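Trainee: Residue numbers for the sequence shown follow the numbering used here, beginning at 15 and rising by one.
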Amino acid sequence: MLNWNDVLNFAGKGNPTPDRRVEKTDAEWKALLTPEQFRVARKKGTEAKFSGEHCSRYEPGKYSCICCDTELFDSSIKFDSRTGWPSFTQPVKENAIKYEKDESYGMVRVEVMCNTCDAHLGHVFPDGPPPSGLRYCINSVSLNYVEPVAGAQQ
Numbered sequence: 015m016l017n018w019n020d021v022l023n024f025a026g027k028g029n030p031t032p033d034r035r036v037e038k039t040d041a042e043w044k045a046l047l048t049p050e051q052f053r054v055a056r057k058k059g060t061e062a063k064f065s066g067e068h069c070s071r072y073e074p075g076k077y078s079c080i081c082c083d084t085e086l087f088d089s090s091i092k093f094d095s096r097t098g099w100p101s102f103t104q105p106v107k108e109n110a111i112k113y114e115k116d117e118s119y120g121m122v123r124v125e126v127m128c129n130t131c132d133a134h135l136g137h138v139f140p141d142g143p144p145p146s147g148l149r150y151c152i153n154s155v156s157l158n159y160v161e162p163v164a165g166a167q168q
């Protein structure tokens with residue numbers, strides 16, 4: 015289980031190697047994404063608080079990257095942070111997420127991205143619930159919700 019020290023180490027010393035890489039030009043991403051998805055996921059935007067379709071979704075399922083479909087989060091680690099964005103305590107795999115120090119807007123934060131395609135997802139903070147203490151604060155527009163397949167093990 016990842017903790018805040020792991021996040022800081024990844025952000026400062028290098029990220030885990032992803033299982034695969036997906037790289038496209040801006041023109042290729044624009045052809046695949048809506049303008050809002052492109053703005054947030056490819057240009058590091060942020061959706062408005064409480065506006066995302068996944069903010070209040072808690073049924074079983076997985077969440078994958080809107081750009082490359084890499085599985086990122088599971089609904090079993092989602093919680094109501096009351097921040098206005100979907101929040102998770104852990105990624106599904108240690109190497110699913112990429113971490114970078116973000117000093118924009120006069121703050122110091124840790125940005126989280128899809129480690130496969132570098133899509134901007136949101137930020138991670140050390141104020142989440144136990145046992146990890148992490149809060150991955152993620153833009154809904156950066157995620158696809160995938161319902162569980164009937165009869166499949168979660």
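The beta carbon of each residue, even a glycine, is placed where N, CA and C say it ideally should be.
No experiment lies behind these values; they were computed from the predicted model shown.
1) Please confirm whether Y77 and Y150 have their CB atoms less than 8 Å apart.
2) To the nearest angstrom, report how far apart N23 and E161 are at their CA atoms.
3) Under 6 Å Cβ to Cβ from K112, same chain only, skipping five residues before and after it: list those, please.
4) Identify every residue that forms a DSSP beta bridge with Y159.
5) Am I right that P145 and M15 are in contact with their C-beta atoms under 8 Å? What's the rounded C-beta distance?
6) Going by the beta-carbon positions, is the gap between L135 and N109 smaller than 8 Å?
7) Using only alpha-carbon positions, find the residue among F52, G26 and D20 that is nearest to A133.
8) Reducing DSSP to helix, strand and coil, say where L148 ends up.
9) Per DSSP, what kind of secondary structure is Y113 in: helix, strand or coil?
10) Cα separation between S65 and K44?
11) Looking at the unbroken alpha helix (DSSP H) that takes in G26, where does it start and where does it end?
12) For L86, report the span of its beta strand (DSSP E) as first-last.
13) Is it buried or exposed for S118, if we count other Cβ within 10 angstroms and need 16 for buried?
14) So, are the CB atoms of S156 and V21 less than 8 Å apart?
15) Let me make sure I understand the geometry here. Which of P49, C131, K27 and T97 has the alpha-carbon closest to that of V138?
Mentor: From the atom records:
1) As a working mapping, residue 77 is identified with position 63 in the sequence shown. As a working mapping, residue 150 is identified with position 136 in the sequence shown. No. Outside cutoff.
2) The sequence position of residue 23 within the sequence shown is 9, counting from 1. The sequence position of residue 161 within the sequence shown is 147, counting from 1. Looking at the two C-alpha atoms, the distance is approximately 33 Å.
3) Counting from one through the sequence shown, the residue named residue 112 turns up at place 98. Taken in chain order, the residues that qualify are N29, M127 and N129.
4) Counting from 1 along the sequence shown, the entry for residue 159 is found at position 145. According to DSSP, Y159 bridges with Y77.
5) Here residue 145 is taken as the residue at index 131 of the sequence shown, counted from 1. Here residue 15 is taken as the residue at index 1 of the sequence shown, counted from 1. About 6 Å separates the beta carbon of P145 from that of M15, a gap short enough to meet the 8 Å contact definition.
6) Along the sequence shown, read from residue 1 onward, the residue named residue 135 stands at position 121. Along the sequence shown, read from residue 1 onward, the residue named residue 109 stands at position 95. It is not a contact, given that the beta carbons lie outside the stated cut-off.
7) Residue mapping note: residue 133 aligns to position 119 of the sequence shown, counting from 1. Selected option, being the one with the closest Cα: F52.
8) Taking the sequence shown and counting its residues from 1, the one referred to as residue 148 is at position 134. DSSP places L148 in coil when its eight states are reduced to three.
9) One-based indexing of the sequence shown puts residue 113 at position 99. Of the three classes helix, strand and coil, the one that applies to Y113 here is strand, per DSSP.
10) Counting from one through the sequence shown, the residue named residue 65 turns up at place 51. Counting from one through the sequence shown, the residue named residue 44 turns up at place 30. Those two C-alpha atoms are separated by around 22 Å.
11) Position 12 of the sequence shown, counting from 1, holds the residue named residue 26. G26 -> alpha helix (DSSP H) spans W18 to K27.
12) Looking up residue 86 in the sequence shown gives position 72. Segment E85 to D88, the beta strand (DSSP E) holding L86.
13) Reading the sequence shown from its first residue, position 104 is the one you call residue 118. Classification of S118: exposed, given that the 10 Å Cβ count is below 16.
14) Translated into the one-based positions of the sequence shown, residue 156 becomes position 142. Translated into the one-based positions of the sequence shown, residue 21 becomes position 7. It is not a contact, given that the beta carbons lie outside the stated cut-off.
15) The count along the sequence shown starts at 1 and reaches residue 138 at position 124. Here the closest residue by C-alpha is T97.
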